[in-house]
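Worksheet for the structure shown next.
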Amino acid sequence: MEVSICAAALLDICAIILILASYIEKRSGAKVWGRLSNDMELVEGNHIYSLECDEILIGRHASADIRIQDMSVSRYHAMLNVTDGKWMITDIGSKSGVLVNGEPVRHVRLYEGDVISLGNRHLIFRKRRSDK
Amino acid sequence: MSGVLSYLLSCIFVTVVHGSMLLNIYTNGKYDSVNDIITLGAAVILLDAVYFIAMPFFKQRTYAVDFMLLLILNMSMIFQSCFGGVHFDVKHFITIIAALVSCRIGCAVCRNHRWIQTKKKFIWAGIGVLLVVILLFTGSRSMWIDLGFMSIQPSEFIKPLLVLACATSIAEQQNRHKVMGFNVVYDNLIIFGITAVVILFQWWCRDLGSIPTFAAIYASCFFMRICYPKAKFSKKTLIIAGSVVAVAAIIAIILAPAYVKARLFADIWSNPDEDGYQQTKALISIAEGGWFGKGPGKGFLHEVFAYESDIVFATISEEWGLLYALMTVLMLVLIVAMPLVNPPRSYYHGTMCAGVCAAFTMQMALNIFGSCNMIPFTGVTLPFISAGGSSMVTSGLMIGMIVAAQSPVFVSPSKKKDKHKQQKRRAV
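As they're listed, the protein sequences go chains Y and B.
Terminal number for the first sequence in my numbering: 165, no gaps in between.
Terminal number for the second sequence in my numbering: 415, no gaps in between.
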């Protein structure tokens, strides 16, 4: 009886250890993602939007990953994708279009310092800066 | 440093859990010779050690799912080797190794969504081939192909392929086409058609227990499609879809064969020696096992048909106790819940995790609640715990998908080709 209780208790402890290990790995995973995605972010004034995953939807809709509440921005305006550490922006049928450095685009690669215009709003694509 | 420490701690605790189970067998179990326990223990600890050494060679962001998989698989090995007296179950050991290998294959194939999305027609073709195999080789009253030395259940292999088919079609939501005044996404129609055909085949094979699993995979992917940007599923569409499913379910119950209706509304205690044989025996054994069990190998349920697969939860409860059986199930829940800790980084990986989670949850619910008479008894396996090669390999493949979603790759499929071309040019 005592051994079976101990075995059950050890299984419980092991489950907790594995969950804690996965949380520790999550932090190192964020660093790996930073390398994969070239550690980029979008900035608009004081707002900083971190690019934490592939397929980031920019739009006015509540389900958008980067939500911009401006009537000049479509509900589903543009999509950001990352491949080989390169970010691409795609116009997904917006009314006012997507402009990169003033040029209207449908699907184009983004470079550091590019200014993305969605309606009346302008976002800067740049390297992530440290909190300091 | 903390990563290495967590890795070492995970290795130690997984081994300690298996060691404590072996100690429990030594003190409380039924065995003819201590050599049986030593053989079993050596196999389990050796497999642990080999996988711990091999794991770092697979470049991944996280290994938590791998540790959980190894923990569950070797627990399953110990459970299966103790039913009715301690012995080394060689067949189950081979299927466990097959599950680990298939997990690695699943991970390698599913990590890069850009690559696999270019191969989705092969996935559809794979499902088609399996359906033809079912049509030609299993017959309308069976789901097994007997090869003499082993039996294969081809419908099991459709589960990971259906999850992959759903995941690879998620990115097509914006490619809409006008057909007869309706906005149509071709891939959605294809996935719906595939699921409908698969379910019809399961009905034809009398493998009704698998139908809820396929339906759960499709439902989870349907909900993921609603979440996809610009999917534009209106409330009207959702209400119509829900109503169609409800009507189809009612018609299916009305038109179901007599034996299915009898099982749906069975009173097991009025006929405990025929229709309710397995369930009554399972419930009695769970009650007799209590919280801490009779001891490994000391149960009576191993004399009942399908004790190692369909009613395995009751067999474990009897010998190891309800507490241990519930914690084993908790480990299975944890492994499919890992995407909540490390969220997927693309809709493809998210859909894949949702599909795997839905399939595992449905199978666990059908097996555990079925053997406890809370729902009709279906004969679905408990992933990784039940004996059976087909189930073990497909479950391994599906956990490989979760591992892939935890350590995704975002590389263009043409990158390797480009490198090859550049090398050729340089050579010229």
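From the three backbone atoms N, C-alpha and C, an ideal C-beta is built for every residue, glycine too.
On a predicted model such as this, the values are computed, not experimentally measured, just so you know.
Per DSSP, B/V166 is paired with what? B/F169
Is the beta carbon of B/G71 sitting closer than 9 Å to the one on B/H289? yes
Rank B/D53, B/I24 and B/A112 by C-alpha distance to the C-alpha of B/S89 and give the top, closest one. B/D53
Look at the Cβ atom of Y/D87, then the Cβ atom of B/H100, and state whether they are nearer than 9 Å. yes
Per DSSP, Y/P137 is paired with what? Y/L132
Using beta carbons (cut-off 9 Å, strictly below), is Y/D87 in contact with chain B? yes
Nearest neighbour of B/L377, chosen from B/T315, B/S296, B/L313 and B/A391 [CA to CA]: The sequence as given places Ser at residue 377 of chain B; Leu does not occur at that position. It is B/S296.
Rank B/A41, B/S197, B/S68 and B/M42 by C-alpha distance to the C-alpha of B/S12 and give the top, closest one. The sequence shown places Ile at residue 12 of chain B, not Ser. When only C-alpha atoms are compared, the closest one is B/S68.
Closest Cβ-Cβ distance between Y/V115 and chain B: below 9 Å? yes
Just list the residues that DSSP pairs Y/G92 with in beta bridges. Y/R100
Runs of alpha helix (DSSP H) wholly within the region 87 to 163 of chain B (minimum 4 residues, chain order): 100 to 104, 107 to 120 and 141 to 155
Please work out which residues of its chain come closer than 7 Å, Cβ to Cβ, to B/N15, disregarding the five sequence neighbours upstream and downstream, and give them in chain order. G282 and P283
Once the 5 residues before and after B/I303 are set aside, which same chain residues still bring their CB inside 6 Å of it? F66 and A312, listed in sequence order.
By DSSP, does Y/N114 sit in helix, in strand, or in coil? Y/N114 falls in the strand class under three-state DSSP.
Contained beta strand (DSSP E) runs [length at least 3] in the region 250 to 304 of chain B, N- to C-terminal order: none
Interface flag, Y/D124 vs chain B, CB-CB below 9 Å: no
Do B/A51 and B/M325 have their C-beta atoms within less than 9 Å of each other? It is a contact, given that the beta carbons lie within the stated cut-off.
Which residues of chain Y have a Cβ atom closer than 7 Å to the Cβ of B/A51, listed in chain order? L51, A54, S55 and E58
Under the rule that 16 or more other beta-carbon atoms within 10 Å means buried, what is B/S142, buried or exposed? So B/S142 ends up on the buried side.
Does the region 111 to 127 of chain Y come within contact of the region 61 to 81 of chain Y, defined as at least 3 CB pairs closer than 8 Å? yes
With burial defined as no fewer than 16 other Cβ atoms inside 10 Å of the residue's Cβ, what is the status of B/C94: buried or exposed? Note on B/C94: 16 or more other CB atoms within 10 angstroms of its CB, so buried under the neighbour-count rule.
Per DSSP, which one or two residues make a beta bridge with Y/W120? Y/V115
With the cut-off set at 9 Å, would you say B/V320 and Y/K59 are in Cβ contact? no
Alpha helix (DSSP H) containing Y/V33: first to last residue? Residue 33 of chain Y falls outside the range modelled here, since chain Y spans only 34 to 165, and no answer is possible.
CB-CB under 6 Å to B/G28, same chain, minus the five flanking residues each way: which ones, in chain order? L9
Which residues of chain Y have a Cβ atom closer than 9 Å to the Cβ of B/L10, listed in chain order? V36, C39 and A40
Along the region 328 to 354 of chain B, what residues have a CB closer than 7 Å to any CB found in chain Y? V328, N329, R332, S333 and Y334
Would you mind telling me which residues of chain B sit closer than 8 Å to Y/A48, beta carbon to beta carbon, in chain order? M314, L317, M318 and L321
Have a look at B/N354 and B/I157 and give me their C-alpha separation to the nearest angstrom. 30 Å
Taking Cβ positions, are Y/I46 and B/F0 nearer each other than 9 Å? yes
Name, in chain order, the residues that DSSP records as bridge partners for Y/H155. Y/S150
Inter-stretch contact at 8 Å, needing at least 3 Cβ pairs: the region 265 to 275 of chain B / the region 222 to 236 of chain B: With the cut-off at 8 Å, the region 265 to 275 of chain B and the region 222 to 236 of chain B do not touch.
Compare the C-beta of B/V234 with all C-beta atoms of chain Y and state if any pair is closer than 9 Å. no
Residues of chain B with CB closer than 9 Å to the CB of Y/S61, please, in chain order. What Y/S61 touches in chain B: S(-11), G(-10), R48 and T49.
DSSP three-state call for B/S(-3): helix, strand or coil? helix
Quickly, what does DSSP pair Y/K160 with across the bridge? List them, please. Y/M73
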